[in-house]
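Protein chains in written order, with my numbering: chain A, 167 to 426; chain X, 51 to 510.
Below: the structure, in structure tokens.
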């Protein structure tokens, strides 16, 4: 965590006052944070009695780890600049959140674990895609603010254009939307097979459907080009907040009664 | 030996003089041959581009070298030596090396950070290398120079921050609408500023370009077939289709009103439009900035963008200067190492000779040793020599690099009774007058370095 925090501080300092050594140190520390998080995830998953019995903390940590991994790989090949900083600010926030969410709800037994596994992978990938959508929306808001207030600073120079950020946010959200739909469908199928009834009425499913519908509204508005760029980006950020709330505050499927 | 550069560039001479001094491909061959055959010049390289003609050389005498190069340029240009002297510069040592690196990095170019110069420098080096004008020193030096130039291109964005008004305007528009290749632009006014904007947008590969002017015929005459031309009254009709608006008319009052833009935005369905008002008095109603998807900028904002680009360029230039300092130091270290290498080789061979003598003596005194025992003894006596020499050798290298000359190396040679480069050692000893032998010996055996590394005498 310290390496992660220090790395982000150095990345911020590099944006404000670029120095090659600072930038290199930040990237090295980011890599150290990646290794530490990988080890932590391994350690946590190794302790699980069965794979799907992860806790919310594990999931948040996994999302943060995945974001960190993607940004490190992309930056190595494409020099994505400020995306690294913004994505890892969000990743760091999720890691902090994961630290405060240590409770575990392990399943004693899981039939049809393969179906559940696919459901979890799809749902996690959708959350990662939404997280990136949030990152691009946040960058859009910052750049829009620069352009509106005529602030021509380093952030202005370094941040991509509004059009590019809007496009990336749309792509990430659309991808997350599709993956979440598949995850929900598989989740329902698993419930039908294991619990012998649909779980559409469960709180988790209802809230997930709500967040999915929120993203649907964003996508429709964006595709039909209704509403302003700023307003849509703010709305998209709210959608992600709802996703995180759903992730950490709403009871997960681990609490569904399972009949052997 | 001295490294010098004698040359002229856009900073020191007019284009008339530069084009006379500039060497064509054929003339360059002749000049390189001439330099090759000159006793004063040990190694040389000629860089001749449209903006500069420079001769880099390793010379035995600075004065003679300078005089020779000025004469060469004067003869080639067909003008007097004094005229050439007035418009040339001469740098030597560290300044000359750093200058070469600055040139290769594009810091000394007309357009700061331009990348073409690195290729020209590489060609100049290749040419000099092929005809045999470069030796070990220039081969190493220009490898370092090209490395710094390459780093400047890949690790900084110095070339991406132009400070022209037209660039700033396009940059600002691009930050709103993204790349211009598939976008439409409207330029209002085909005067001097408008024509400049049209040409710049066309050069940027804008997808569709429309020009609105009071007189359609005049606009067509001014810009040819670079853009579609419409009258000013057609602005409301074309406005919904355009992503970027440049306005530069001399007309009083607002040419683009809030109502027109509001109506166009309604049709554009939340696609943003960047509006750049290059006119004074302003053409675009500032109240348009309050509309949700309209981004309006005037000439003061362009100044702000230019200022940001300037600051960024300065930052990047500072980063390149740090690379240049590293490059100069690296070259200096290499020069110093070249002086220490023969000493180390001599010390090693002396150590090995002693070990061989000891082994021979042992074998005489212990004739019944088995082959295995002999091997073990040989290995262990060699190990003693290696262990004894390892640290002093490492330290003499570091101290030589830190001091920038062979002072420590010569003391080291004396201490170990080695006769490598006797004459060099003598001159170096005089430079070491400030140090006591005990102090130097202590340092050789591993004391911490107290001061920053100094440059090799060739670079001072």
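Just so it is clear, CB atoms sit at the ideal spot from N, CA and C, and this is done for glycine as well.
Here the structure is a predicted model, which is why all the values come from computation and not from measurement.
- Across the structure, residue 157 of chain X and residue 72 of chain X are spaced so that their CA atoms are roughly 21 Å apart.
- Put simply, of A/339, A/181, A/363 and A/413 the residue whose alpha carbon is nearest the alpha carbon of residue 252 of chain A is A/181.
- Judged by pairs of C-beta atoms under 8 Å, the stretch 67-83 of chain X touches the stretch 118-135 of chain X, as three or more such pairs exist.
- Contact of residue 343 of chain X with chain A by beta-carbon distance below 8 Å involves 394 and 395.
- Per DSSP, reduced to three states, the secondary structure at residue 345 of chain X is strand.
- A distance of 8 Å or more separates the beta carbons of residue 188 of chain A and residue 196 of chain A.
- Looking from the CA of residue 351 of chain X, the closest CA among A/319, A/292, A/209 and A/208 belongs to A/319.
- Chain X has a Cβ within less than 8 Å of the Cβ of residue 327 of chain A.
- Under the three-state reduction of DSSP, residue 240 of chain X is assigned to coil, being neither helix nor strand.
- At the C-beta level, residue 282 of chain X and residue 311 of chain X stay beyond 8 Å of one another.
- Using a 10 angstroms sphere on the CB of residue 388 of chain A, the tally of other CB atoms reaches 16 or more, which defines it as buried.
- The Cβ atoms of residue 328 of chain A and residue 310 of chain A lie closer than 8 Å to each other.
- C-alpha of residue 209 of chain X to C-alpha of residue 242 of chain X: approximately 27 Å in a straight line.
- Out of A/242, A/391, A/340 and A/358, the CA that lies nearest to the CA of residue 294 of chain A is found in A/340.
- About 7 Å separates the beta carbon of residue 199 of chain A from that of residue 234 of chain A, a gap short enough to meet the 8 Å contact definition.
- Around the beta carbon of residue 146 of chain X, 16 or more other beta carbons lie within 10 angstroms, which makes this residue buried.
- Against residue 163 of chain X, chain A offers no close residue; the least beta-carbon distance is about 14 Å (beta-carbon pairs closer than 9 Å).
- When the five nearest sequence neighbours on each side are left out, the beta carbons in the same chain lying within less than 6 Å of the beta carbon of residue 336 of chain A are those of 388, in order along the chain.
- Residue 374 of chain X is a Cβ neighbour of residue 151 of chain X, given a cutoff of 8 Å.
- Listed along chain A, no residue sits closer than 9 Å to residue 272 of chain X by beta-carbon distance, the nearest being about 30 Å off.
- With contacts defined as CB atoms closer than 8 Å, residue 328 of chain X and residue 247 of chain X qualify as a contacting pair.
- Taking the Cα positions, residue 282 of chain A is about 12 Å away from residue 358 of chain A.
- Residue 190 of chain A does not reach chain X, its nearest Cβ partner there being about 10 Å away, counting only Cβ pairs nearer than 7 Å.
- Counting along the chain, residue 54 of chain X sits inside the beta strand (DSSP E) bounded by residues 52-59.
- Here residue 291 of chain X is near residue 234 of chain X, since their CB atoms are less than 8 Å apart.
- The shortest CA-to-CA distance from residue 302 of chain X to any of X/334, X/323 and X/278 is the one to X/334.
- Listed in chain order, the beta strand (DSSP E) runs fully inside the stretch 298-352 of chain X are 323-327 and 344-347, counting runs of at least 3 residues.
- In this structure, DSSP gives residue 215 of chain X a helical state, which the three-state scheme calls helix.
- In this structure, residue 262 of chain A lies away from residue 231 of chain A, with their beta-carbon atoms at least 8 Å apart.
- Using a CB distance below 7 Å, the part of the stretch 213-231 of chain X facing chain A consists of 224, 225, 226, 227 and 228, ordered along the chain.
- Secondary structure note for residue 99 of chain X: it is in no beta strand (DSSP E), with a DSSP letter that is neither H nor E.
- Scanning chain A for C-beta atoms nearer than 8 Å to the C-beta of residue 303 of chain X yields nothing, as the closest lies near 24 Å away.
- Contact check for residue 338 of chain X and residue 308 of chain X: beta-carbon distance about 5 Å, within the 8 Å limit, so the pair qualifies.
- Residues 155, 157, 202, 206 and 208 of the same chain have their beta carbon placed closer than 7 Å to that of residue 370 of chain X, with the five preceding and five following residues left out of the count.
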